[in-house]
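Beneath this line is the structure, given in structure tokens, with notes to follow.
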Amino acid sequence: MLYGENLNIRIGLKTVSAYFEHKIIKTHPRHYDRGQWITDQKDYPEAALHYLEKSPEVCLETAKAIGPGAHQMVQFALEPFTRTGLRKAQGILRLTDKYSNERLELACLRAISYDNYDYKSLSNILQNNLEKVAKPSVTTTPPPSSPVLKLYTNSYVRPSDEYVSNMEVNYASK
Numbered sequence: 538m539l540y541g542e543n544l545n546i547r548i549g550l551k552t553v554s555a556y557f558e559h560k561i562i563k564t565h566p567r568h569y570d571r572g573q574w575i576t577d578q579k580d581y582p583e584a585a586l587h588y589l590e591k592s593p594e595v596c597l598e599t600a601k602a603i604g605p606g607a608h609q610m611v612q613f614a615l616e617p618f619t620r621t622g623l624r625k626a627q628g629i630l631r632l633t634d635k636y637s638n639e640r641l642e643l644a645c646l647r648a649i650s651y652d653n654y655d656y657k658s659l660s661n662i663l664q665n666n667l668e669k670v671a672k673p674s675v676t677t678t679p680p681p682s683s684p685v686l687k688l689y690t691n692s693y694v695r696p697s698d699e700y701v702s703n704m705e706v707n708y709a710s711k
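In this text, residue positions in the sequence shown follow my numbering: the first is 538, and each later residue adds one.
Listed below in structure tokens is the structure:
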């Protein structure tokens with residue numbers, strides 16, 4: 538292409554045009570929203586097009602075919618829709634290239650049970666064969682004989698006389 542070449546760019550009210558040696562080579566519509574851009578799909582390299590063709594709808598259908606856990610993970614990655622979220626969803630589905638659909642589904646279910654929708658965690662579950670390991674039981678309340686429970690039975694942790702200010706003591710003594 539034209540890597541390393543000097544281009545002239547003309548920014549108009551509605552378009553941005555690129556020129557090489559005084560000849561127009563590309564025109565794009567101009568986007569006025571901050572942080573937003575418009576890219577022509579034909580400008581991407583062939584390898585990138587492979588992933589861009591997998592739209593959110595295609596990702597959701599593929600995940601649904603794997604199972605409800607994978608579908609929920611992909612759905613979470615796609616909400617709200619961004620290109621980054623799409624890449625995360627595609628990354629989750631790409632794990633089936635290395636691991637089976639069944640293992641991915643079990644790993645997704647395990648990650649969801651911990652309310653963890655992170656791709657790296659999902660990948661670690663698969664790498665360490667943790668998808669088949671039973672989830673450890675987690676207790677949220679301490680046992681009744683616990684001193685922690687006795688400590689929080691009252692609304693105040695310290696006795697109420699420790700909250701008396703010096704000002705109140707001075708008024709009481711007059």
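Each residue gets a CB set at the ideal place from its N, CA and C atoms; glycine is no exception. These figures come from a predicted structure and were not determined experimentally.
Item checked: Span of the alpha helix (DSSP H), counted from its first residue to its last, around V595 -> 593-603
Next item on the list: Please work out which residues of its chain come closer than 7 Å, Cβ to Cβ, to E642, disregarding the five sequence neighbours upstream and downstream, and give them in chain order.
Entry: I603, G604, G606, A607
Next item on the list: May I have the straight-line CA-CA distance separating S635 from T564, to the nearest angstrom?
Entry: Before going on, a small fix: residue 635 reads as Lys here, not Ser. Each residue's Cα considered, the two are about 40 Å apart.
Item checked: Bridge partner(s) assigned by DSSP for P566 -> T552
Note to self: Check whether the stretch 653-661 and the stretch 615-624 touch, using three or more Cβ-Cβ pairs below 8 Å as the test.
What the structure shows: no
Next item on the list: Note the first and the last residue of the continuous alpha helix (DSSP H) segment covering E642.
Entry: 638-650
Item checked: Proximity to T633 [Cα-Cα], best of C596, P617, F613 -> C596
Checklist line | Contacting residues, own chain, Cβ-Cβ under 6 Å from L544 (five flanking each side not counted) | finding: A555, F557
Next item on the list: To the nearest angstrom, report how far apart I575 and P566 are at their CA atoms.
Entry: 7 Å
Check: Going by DSSP, which residues form a beta bridge with I561?
Finding: Y556
Note to self: Tell me the residue span of the alpha helix (DSSP H) that contains N661.
What the structure shows: 656-664
Check: Hey, K591 and Q627: beta-carbon distance below 7 Å or not?
Finding: yes
Next item on the list: Can you give me the start and stop residues for the alpha helix (DSSP H) that G739 sits inside?
Entry: Nothing in the structure corresponds to residue 739, since the chain is present only between 538 and 711.
Notebook entry, point to check: If you drop the 5 nearest sequence neighbours on each side, which residues of the same chain put their C-beta closer than 8 Å to that of I562?
Noted result: L539, L544, A555, Y556
Notebook entry, point to check: Which term fits T599, buried or exposed, when burial requires 16 or more other beta carbons within 10 angstroms of its beta carbon?
Noted result: buried
Next item on the list: Given a cut-off of 7 Å, decide if A644 and E616 are closer than it, judged by their beta-carbon atoms.
Entry: no
Check: From R640 to Q664, what does the alpha carbon distance come to, in whole angstroms?
Finding: 11 Å
Notebook entry, point to check: Alpha carbon to alpha carbon, how far is S637 from I649?
Noted result: 18 Å
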